[in-house]
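The structure appears right after this line, and notes come after that.
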Amino acid sequence: MKTITWVKMIAAGASCCIGGPALIYYVTPSEEELFSRYNPELQRRSLENRKGKQENFDTFVTRLKQYSKSDKPIWTAWEEDDEKTRKLGVQAMLEAKRAEDAAAEARRQEIKGSLR
Numbered sequence: 187m188k189t190i191t192w193v194k195m196i197a198a199g200a201s202c203c204i205g206g207p208a209l210i211y212y213v214t215p216s217e218e219e220l221f222s223r224y225n226p227e228l229q230r231r232s233l234e235n236r237k238g239k240q241e242n243f244d245t246f247v248t249r250l251k252q253y254s255k256s257d258k259p260i261w262t263a264w265e266e267d268d269e270k271t272r273k274l275g276v277q278a279m280l281e282a283k284r285a286e287d288a289a290a291e292a293r294r295q296e297i298k299g300s301l302r
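Right under this line is the structure:
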């Protein structure tokens, strides 16, 4: 092949490899530009929810760090922890239901006692 063909191919490859990402960088708006385009109601809701989302993300990352310290794969540790929290949640719900039932029964007995 001729040298000029090689030069053309290198120039075309460089323009694709460098020009493509540069075009994407130039065209993509920043977060501030997107936020400024929101209507005021969405801006307000976004600002209200920002702290909660940040806290959720922080807890997610700390849990991932905790899972990565174990010898098991992260997804296995995640599933085990999820199963534990699910069991604790079910137990807490059952305890709350029992407490509600006991309170309702105590009220029934009180009402029966006051009617006599």
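Per this note's numbering: the sequence shown = residues 187 to 302. Every residue gets a Cβ at the ideal spot worked out from N, C-alpha and C, and that includes glycine.
Minimum C-alpha distance to residue i - residue among the options
i, options, result
"residue 221", "281, 245, 283 and 236", "236"
"residue 218", "229, 209, 210 and 199", "229"
8 Å Cβ cutoff met for residue i and residue j
i, j, result
"residue 216", "residue 224", "no"
Whole-number beta carbon distance between residue j and residue i, since they are thought to touch under 8 Å
i, j, result
"residue 250", "residue 260", "7 Å"
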